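Here's the structure we're looking at; comments come further down.
Numbering (mature numbering (1 follows the signal peptide of the UniProt record, and there is no 0)), first residue to last: -18 to -1, 1 to 302.
Here is the structure:
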């Protein structure tokens, strides 16, 4: 199961930029009854449960939207897919969107996606170690090997910030790239000293005796907005009404999911392979309808310090 926190490689971004210059149609199709056929690029993970729940509840259908949810491998696939018109909307973490924006990829966030719970030790992302590891706090990560799902993306940024806040040298960290599903075994076998993980791997590692040493999203910014739904600027200009209806539907979905955690855990079983026992113990994120703009600015500032961006992110162009 791949995580939304996949980054944007230079080659894929080049492809996205090339697509910007094509005459590809960003709009979906409308059937004879006036219903818009809309495709959304998502990752089959906990974070996007609201859109699956909203589809099930008819929040999109009531707004004349027939929703098709297609799995992507992360921002590296979804961002250019949205730009080219393969998807009308997509879901990605904010660091990937900021990287795209600094490369002049024509996209814009239209709605919040997922946020930190804001509670240390009770969030859906963290750095974990084996139960018998000598690593006790974030500053002990200095010089150690830490797995992240994508190099030079949000995992690096938030982990570095946890280390800095704990008094360690955030520049002296050794990140290793690997898929989230591989991390529990890699940690257990000693291939890495620590792992930056999200749910469900976070609960999997804890159940096997692992320990959380840093709630990285919490350390980075209060109530951090981690991801967002976005569209191409072409679609926003061409079909503002569709974007408005989609945004209303996703906001209703976010609000409903936030208020009905049991239904979230149930719908997870329809599009992921997370078993029922694990679904019951997962730490669910928060799903506010408002993007916490100061927290996104923090990601932009820290990412710039880390050398993740080739230019300076322009939040005014990226945020709704």
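For glycine and all other residues, C-beta sits at the position ideal for the given N, C-alpha and C. Because the structure is a prediction, the values reported are computed rather than measured.
Outcome for residue i when other beta-carbon atoms lying within 10 angstroms are tallied against a minimum of 16
| i | result |
| --- | --- |
| residue 98 | buried |
| residue 63 | buried |
| residue 289 | exposed |
| residue 175 | buried |
| residue 292 | exposed |
| residue 133 | exposed |
| residue 138 | buried |
| residue 276 | exposed |
| residue 101 | exposed |
| residue 259 | exposed |
| residue 118 | exposed |
| residue 152 | buried |
| residue 202 | buried |
| residue 50 | exposed |
| residue 135 | buried |
| residue 189 | exposed |
| residue 108 | buried |
| residue 104 | exposed |
| residue 191 | exposed |
| residue 125 | exposed |
| residue 37 | buried |
Residue i at chain C interface by Cβ criterion, 8 Å
| i | result |
| --- | --- |
| residue 271 | Judged by its chain identifiers, the structure shown contains no chain C, having just a single protein chain. |
N-terminal and C-terminal residue of the alpha helix (DSSP H) that residue i is part of
| i | result |
| --- | --- |
| residue 36 | 31 to 39 |
| residue 323 | Outside the displayed span of the chain (-18 to 302) sits residue 323, for which this structure offers no information. |
| residue 231 | 222 to 241 |
| residue 298 | 297 to 300 |
| residue 185 | 183 to 189 |
| residue 145 | 136 to 147 |
Straight-line gap, residue i to residue j (C-alpha atoms, nearest Å)
| i | j | result |
| --- | --- | --- |
| residue 213 | residue 240 | 23 Å |
| residue 232 | residue 53 | 17 Å |
| residue 301 | residue 166 | 35 Å |
| residue 263 | residue 181 | 10 Å |
| residue 12 | residue 252 | 27 Å |
| residue 120 | residue 169 | 16 Å |
| residue 249 | residue 87 | 33 Å |
| residue 247 | residue 261 | 6 Å |
| residue 6 | residue 68 | No answer about residue 6 holds up, because its pLDDT of 44 lies below 50 and its placement is not dependable. |
| residue 219 | residue 22 | 18 Å |
| residue 171 | residue 154 | 23 Å |
| residue 143 | residue 273 | 21 Å |
| residue 238 | residue 184 | 25 Å |
| residue 282 | residue 186 | 31 Å |
| residue 3 | residue 65 | Residue placement at residue 3 is poorly supported in this model, since its pLDDT is 37, which falls under 50; the coordinates still yield a value, given next. The alpha-carbon atoms of residue 3 and residue 65 are separated by roughly 10 Å. |
| residue -1 | residue 235 | Because the pLDDT of residue -1 is 39, which lies under 50, any placement of that residue in the model is unreliable, and the number read from its coordinates should be weighed accordingly. Distance between the alpha carbons of residue -1 and residue 235: 34 Å. |
| residue 140 | residue 278 | 12 Å |
| residue 299 | residue 47 | 27 Å |
| residue 149 | residue 30 | 34 Å |
| residue 72 | residue 25 | 9 Å |
| residue 145 | residue 106 | 18 Å |
| residue 349 | residue 223 | The chain is shown only over -18 to 302; residue 349 falls outside these bounds and no answer can be derived. |
| residue 284 | residue 295 | 11 Å |
| residue 193 | residue 216 | 46 Å |
| residue 280 | residue 205 | 12 Å |
| residue 179 | residue 164 | 10 Å |
| residue 243 | residue 61 | 29 Å |
| residue 156 | residue 39 | 45 Å |
| residue 35 | residue 83 | 30 Å |
| residue 85 | residue 96 | 24 Å |
| residue 110 | residue 221 | 44 Å |
Enclosing beta strand (DSSP E) for residue i [first to last residue]
| i | result |
| --- | --- |
| residue 290 | Segment: none, residue 290 is in no beta strand (DSSP E) and carries neither H nor E. |
| residue 18 | 18 to 24 |
| residue 208 | 207 to 214 |
| residue 53 | 47 to 53 |
| residue 196 | 193 to 196 |
| residue 43 | Counting along the chain, residue 43 falls outside any beta strand (DSSP E), and DSSP gives it neither H nor E. |
| residue 130 | 127 to 130 |
Exercise for the section: Specify whether the segment 128 to 141 and the segment 158 to 175 touch according to this definition: at least 3 beta carbon pairs, one from each stretch, less than 8 Å apart. Expected result: yes
Practice task
For the segment 110 to 117 and the segment 221 to 239, state whether three or more C-beta atom pairs, one from each stretch, are separated by less than 8 Å.
Solution key: Flag = no, the segment 110 to 117 and the segment 221 to 239 do not touch.
Problem - Within the segment 86 to 122, ranges of the beta strand (DSSP E) (whole runs, at least 3 residues) - result: 89 to 97 and 107 to 111
Problem - Whole runs of the alpha helix (DSSP H) within the segment 251 to 285, excluding any shorter than 4 residues - result: Assignment of alpha helix (DSSP H) within the segment 251 to 285, counting only whole runs of 4 or more residues, yields 258 to 263 in chain order.
Practice task
Give a yes or no on contact between the segment 13 to 26 and the segment 38 to 49, applying the rule of three or more CB pairs nearer than 8 Å.
Solution key: They touch, by the three-pair rule.
Problem - alpha helix (DSSP H) runs wholly inside the segment 151 to 176, at least 4 long, in chain order - result: 165 to 171
Exercise for the section: Decide if the segment 208 to 223 is in contact with the segment 83 to 102; the criterion is three or more beta carbon pairs, one per stretch, under 8 Å apart. Expected result: yes
Practice task
Count the C-beta pairs between the segment 70 to 82 and the segment 186 to 204 that are closer than 8 Å, then say yes if the count reaches three, no if not.
Solution key: Segment contact: the segment 70 to 82 against the segment 186 to 204, fewer than three CB-CB distances shorter than 8 Å; contact not assigned.
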